[in-house]
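Trainee:
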Amino acid sequence: MRASALVLLAACGAGTVKPSAPAPLPAEHQVVLDTTPKERRRMLPPEVYLRAYLGWFGGLAPLDVQNRARPKGLFDAWEDYLSALGLPDYKIDLPRQTQSNTLMLATLGRLGEVLCVRAAEHDLHVKTPLDQRVVFAFDPKAGSLDEFSVGFDVLHRTFLGYPVRLAPADRAQKFYALFDEVRARHKAKNPLSPDETAWAAVCAALVQHPEAELY
Amino acid sequence: MKRRTFLQLLGASALSRPLWGAVKHTEQYFIFIHAAGGWDVTLWADPRNERKGLVEPASTDNTDLTALTHWKKVALDSDTDTFEILAPSDVPMTFGPGIGDLYDLRDRLTIVNGLAMNTVSHPDGTCFSATGRHLAGGRAPASSIDVAIANELGVSQLLPDVSIQFPSAYIGDSLDRRAIPLRVPSAATIAKSLARSDAYFNDDDRASITALLTDEAHALAKHSAFPETYERLAAQESALPKLLGNELKAAFTPQALMAAYPQLDYKAKTLGQGALGAAFAVEAMKRNLVRVVSFALGGLDTHNQNYKFHAHTQQELFGTIATMVKLLDDAKLSDRTHILVFSDFCRTPQINLAGGRDHYPNNSALVISPRFKRGRVFGKTDHEQLLPAGDKPLSPPDLLATFLAAFNIDPRRYLRDGDVIKDMLA
Numbered sequence: 096m097r098a099s100a101l102v103l104l105a106a107c108g109a110g111t112v113k114p115s116a117p118a119p120l121p122a123e124h125q126v127v128l129d130t131t132p133k134e135r136r137r138m139l140p141p142e143v144y145l146r147a148y149l150g151w152f153g154g155l156a157p158l159d160v161q162n163r164a165r166p167k168g169l170f171d172a173w174e175d176y177l178s179a180l181g182l183p184d185y186k187i188d189l190p191r192q193t194q195s196n197t198l199m200l201a202t203l204g205r206l207g208e209v210l211c212v213r214a215a216e217h218d219l220h221v222k223t224p225l226d227q228r229v230v231f232a233f234d235p236k237a238g239s240l241d242e243f244s245v246g247f248d249v250l251h252r253t254f255l256g257y258p259v260r261l262a263p264a265d266r267a268q269k270f271y272a273l274f275d276e277v278r279a280r281h282k283a284k285n286p287l288s289p290d291e292t293a294w295a296a297v298c299a300a301l302v303q304h305p306e307a308e309l310y
Numbered sequence: 002m003k004r005r006t007f008l009q010l011l012g013a014s015a016l017s018r019p020l021w022g023a024v025k026h027t028e029q030y031f032i033f034i035h036a037a038g039g040w041d042v043t044l045w046a047d048p049r050n051e052r053k054g055l056v057e058p059a060s061t062d063n064t065d066l067t068a069l070t071h072w073k074k075v076a077l078d079s080d081t082d083t084f085e086i087l088a089p090s091d092v093p094m095t096f097g098p099g100i101g102d103l104y105d106l107r108d109r110l111t112i113v114n115g116l117a118m119n120t121v122s123h124p125d126g127t128c129f130s131a132t133g134r135h136l137a138g139g140r141a142p143a144s145s146i147d148v149a150i151a152n153e154l155g156v157s158q159l160l161p162d163v164s165i166q167f168p169s170a171y172i173g174d175s176l177d178r179r180a181i182p183l184r185v186p187s188a189a190t191i192a193k194s195l196a197r198s199d200a201y202f203n204d205d206d207r208a209s210i211t212a213l214l215t216d217e218a219h220a221l222a223k224h225s226a227f228p229e230t231y232e233r234l235a236a237q238e239s240a241l242p243k244l245l246g247n248e249l250k251a252a253f254t255p256q257a258l259m260a261a262y263p264q265l266d267y268k269a270k271t272l273g274q275g276a277l278g279a280a281f282a283v284e285a286m287k288r289n290l291v292r293v294v295s296f297a298l299g300g301l302d303t304h305n306q307n308y309k310f311h312a313h314t315q316q317e318l319f320g321t322i323a324t325m326v327k328l329l330d331d332a333k334l335s336d337r338t339h340i341l342v343f344s345d346f347c348r349t350p351q352i353n354l355a356g357g358r359d360h361y362p363n364n365s366a367l368v369i370s371p372r373f374k375r376g377r378v379f380g381k382t383d384h385e386q387l388l389p390a391g392d393k394p395l396s397p398p399d400l401l402a403t404f405l406a407a408f409n410i411d412p413r414r415y416l417r418d419g420d421v422i423k424d425m426l427a
């Protein structure tokens, strides 16, 4: 009895099977995963732009935009721009435009500019508390590139959807140069201060950025 | 002169002067006009002043003669007068009184009569005239003539194709995206879209922004699998400062256009707004900003008593065109500007019970271009029914194919149907 127990113990100990990864199956052929983009980048339908614009600037209704933007000749009425934005204009039987064009870019630029200016007025000029700001939700110091980059990162995330550190390395530098140029030009006049005008210009450039207009 | 100097000069002149075609084609301008509503051809291009078959001519019974400059009375019957057909001795053409001031430019006109339309629907006739194809469902199945011309000859221009209430259609994957027509309801829309307030930013600020965006687009193009999209965006961005400059936006406001071209009749009863399109075309071509300007001059759909003023509307229409041609003459552009005018279809030869004329599947068209034989009429209609006559009547695709061929463009790139009528070409 003792002997058979020893034999059994020896048999179990020697035959322990350790877990191991299964051997790979032999390959029959290789499939190359093609991850290259198949279509050119293109512009979005005009409604998507408009919705994005209204969302970025505080979830505005279209008529709010019109009311806020009209003073000082910054904008007119939506109906003046229907066809220029690519929307159908049923008053004159003009159908939806199926392709984007230069005029559409110019019109979106006009809209972006006015919304950025109004946001700068609301957020920066009247010194709205940080938690109530719509676009410029940061301390707008920009004495150096490093200080500028903090605020620029917030705007970059808002309009282009990702942090600026993931963008091409010189992007913050380029926008800081724009900021500096505009600030230098507006030393005295302007309803906004030089820094506020410069931040509005950075905002206007970002809403018209190729990455914001194409997908 | 030494032989070496002579050869150097010869070489320099050959280099500085590109091939014939390149020079000729890039310096041309095009104006396409849609006479919206369907015109009565018996009042201008294919005049009728006798009761014959279905034809009931315009007369004092159905037409208001006030202010019609070319209506000379002749008796139609005992108590009704009609008009005398204008038959100038210098050109083999005849006209009705609706031709208006364009009569003075008759030796520059090419008229095509008897175009077979095979439709009496406004959208379909308009589409057929502009694209050479009937509608497929509710959509144009082919690109319109303005897009074809812009695609071939206009993509290098800042605004290749401005389309003011014109039935432009951009169809297909093979066309350059720069040829996409800028469709707007009026010339004023362009001015508004380009307008920028100086209250916060100035033009230098905007130039800095567009320079940055152009640079960004170029940089992104280098990393993109399809760089051409970014490059085109860069091209559009780099063009914006020129478009957004104060000088340009000021030039295209209605007030500025009216002040610059007081010769056009902006208060005309039915076509006043259309005159702004003509003014825009002249100004934009003088500034070399466009290749093609297309616009509509409407008000011709006269089914009832408003037919009384159909001849007036035509007189206004052709008066606007005549003034525009004279303005192009003054700007020394008319030898490089090519104009095509068409309508949806023509109107019935008979007067209906409401005193007007309905839709009819015949048509005429007008070309003013040095590439066409001038002072000539092509195509014909039968005397009794005003329908296209001959073994093989002309149709809009024939005219459009001929127009494209006049600029060495292969019509088959844009048109499924249509033959080039070589006899029309100069």
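In the order they appear, the protein sequences are chains A and B. Residues 96 to 310 in this note's numbering are what the first sequence lists, from first letter to last. Residues 2 to 427 in this note's numbering are what the second sequence lists, from first letter to last. Note that beta-carbon positions come from the ideal geometry of N, C-alpha and C, so glycine has one too.
Excluding five sequence neighbours on each side, which residues of the same chain lie with their C-beta closer than 7 Å to the C-beta of A/Gln268?
Mentor: Closer than 7 Å at Cβ, skipping near neighbours: Leu240.
Trainee: If you drop the 5 nearest sequence neighbours on each side, which residues of the same chain put their C-beta closer than 7 Å to that of B/Leu234?
Mentor: Counting only Cβ-Cβ distances below 7 Å, and skipping sequence neighbours, we find Ala218.
Trainee: Do the segment 185-193 of chain B and the segment 147-166 of chain A make contact, defined as three or more Cβ pairs closer than 8 Å?
Mentor: Verdict: no, contact absent.
Trainee: A/Val212 touches chain B at which residues, Cβ-Cβ below 7 Å?
Mentor: The contacting residues are Tyr201.
Trainee: Between A/Glu142 and chain B, is any beta-carbon pair separated by less than 9 Å?
Mentor: Answer no: the Cβ-Cβ gap between A/Glu142 and chain B never drops below 9 Å.
Trainee: What did DSSP end up calling A/Pro263 once you bin it into helix, strand or coil?
Mentor: Three-state result, A/Pro263: coil.
Trainee: Name the chain B residues that come within less than 9 Å of A/Val277, Cβ to Cβ?
Mentor: Within chain B, the residues near A/Val277 are Phe202, Asp205, Asp206, Ser209 and Ile210.
Trainee: State whether the segment 312-329 of chain B contacts the segment 267-274 of chain B, with contact taken as three or more CB pairs (one from each stretch) at a distance under 8 Å.
Mentor: The segment 312-329 of chain B vs the segment 267-274 of chain B: in contact.
Trainee: State the CB to CB distance for the pair A/Glu306 and A/Leu255, rounded to an integer number of angstroms; the pair is presumed to be in contact (CB under 8 Å).
Mentor: Indeed they touch by this definition, with Cβ atoms about 5 Å apart.
Trainee: Does DSSP put B/Phe379 in a helix, a strand or coil?
Mentor: Residue state, collapsed to three classes: strand.
Trainee: Which chain A residues sit within Cβ distance under 9 Å of B/Lys193?
Mentor: Neighbours of B/Lys193 on chain A, chain order: Asp171, Asp175, Tyr176, Ala179, Thr202 and Arg205.
Trainee: Any idea what DSSP makes of A/Lys167, helix, strand or coil?
Mentor: If DSSP states are grouped into helix, strand and coil, A/Lys167 belongs with the helices.
Trainee: So for B/Lys25, helix, strand or coil by DSSP?
Mentor: Only weak support is given to the placement of B/Lys25: the predicted model assigns it a pLDDT of 41, under 50, and the question is left unresolved by the model.
Trainee: Cβ of A/Gly168 less than 9 Å from any chain B Cβ?
Mentor: With 9 Å as the cut-off, A/Gly168 counts as an interface residue toward chain B.
Trainee: Residues of chain A with CB under 9 Å from B/Glu217, in chain order?
Mentor: The answer, in chain order, is Pro263, Arg266, Lys269, Ala300, His304, Pro305 and Glu306.
Trainee: Quick one: does B/Ile150 have its CB under 9 Å from some CB of chain A?
Mentor: Not closer than 9 Å to any Cβ of chain A, the Cβ of B/Ile150 fails to qualify, so no.
Trainee: Just reading off the alpha helix (DSSP H) that B/Leu66 is part of, what are its end residues?
Mentor: No alpha helix (DSSP H) contains B/Leu66, which DSSP labels as neither H nor E.
Trainee: Are the beta-carbon atoms belonging to B/Ala252 and B/Arg292 less than 9 Å from one another?
Mentor: No.
Trainee: Using a Cβ cut-off of 8 Å, pull out every chain A residue sitting near B/Val457, in sequence order please.
Mentor: Outside the shown range of chain B, which is 2 to 427, sits residue 457 of chain B, and nothing can be said about it.
Trainee: Using a 10 Å radius around the Cβ and a threshold of 16 neighbouring Cβ atoms, would you call B/Ile322 buried or exposed?
Mentor: Buried is the call here.
Trainee: Across which residues does DSSP place A/Phe247 in a beta bridge pair?
Mentor: Bridge partners of A/Phe247: none, in fact.
Trainee: Strictly below 8 Å CB to CB, what residues from chain B border A/Gln125?
Mentor: Chain B residues near A/Gln125: none, gap ~23 Å exceeds 8 Å.
Trainee: If you measure beta-carbon to beta-carbon, which residues of the segment 236-249 of chain A are closer than 7 Å to chain B?
Mentor: Listed by position along the chain: nothing, the set is empty.
Trainee: When you compare only the Cα positions, how much space is there between B/Val294 and B/Ser169?
Mentor: Spanning the two alpha carbons is a distance of roughly 11 Å.
Trainee: What do you get for B/His313, buried or exposed, if any count of 16 or more other CB atoms within 10 angstroms of its CB means buried?
Mentor: So B/His313 counts as buried.
Trainee: In or out: B/Asp424 buried (at least 16 other Cβ within 10 Å) or exposed?
Mentor: Exposed, since its Cβ has fewer than 16 Cβ neighbours within 10 Å.
Trainee: Between A/Asp184 and chain B, is any beta-carbon pair separated by less than 9 Å?
Mentor: Chain B contact via Cβ: present.
Trainee: Taking the continuous alpha helix (DSSP H) assigned at B/Asp424, which residues delimit it?
Mentor: It is not in any alpha helix (DSSP H) - B/Asp424 carries neither H nor E in the DSSP assignment.
Trainee: From this set, B/Gly101, B/Thr303, B/Gln306 and B/Gln256, which residue's C-alpha is nearest B/Ala68's C-alpha?
Mentor: Checking every option, the nearest Cα to that of B/Ala68 belongs to B/Gly101.
Trainee: For the alpha helix (DSSP H) that B/Val42 lies in, which residues bound it at each end?
Mentor: Per DSSP, B/Val42 belongs to no alpha helix (DSSP H) and is neither H nor E.
Trainee: Are B/Leu116 and B/Ser365 closer than 9 Å when you measure CB to CB?
Mentor: Contact flag set, yes.
Trainee: So the candidates are B/Thr120, B/Ala37, B/Asp125 and B/Asp105; which of them puts its Cα closest to the Cα of B/Ser90?
Mentor: The candidate whose alpha carbon is nearest that of B/Ser90 is B/Asp105.
Trainee: DSSP three-state label for B/Pro168, please.
Mentor: Reduced to three states, the DSSP call for B/Pro168 is coil.
Trainee: Less than 9 Å between CB atoms is the rule here; does B/Glu51 satisfy it with respect to chain A?
Mentor: Answer no: the Cβ-Cβ gap between B/Glu51 and chain A never drops below 9 Å.
Trainee: What does the alpha-carbon distance come out to for the pair A/Asp171 and A/Leu309?
Mentor: Going by the C-alpha atoms only, they are around 26 Å apart.
Trainee: With hydrogens ignored, establish whether the beta-carbon of B/Asn114 is closer than 8 Å to any heavy atom of the ligand NAP.
Mentor: The model on display carries no ligand, and the ligand NAP is accordingly not part of it.
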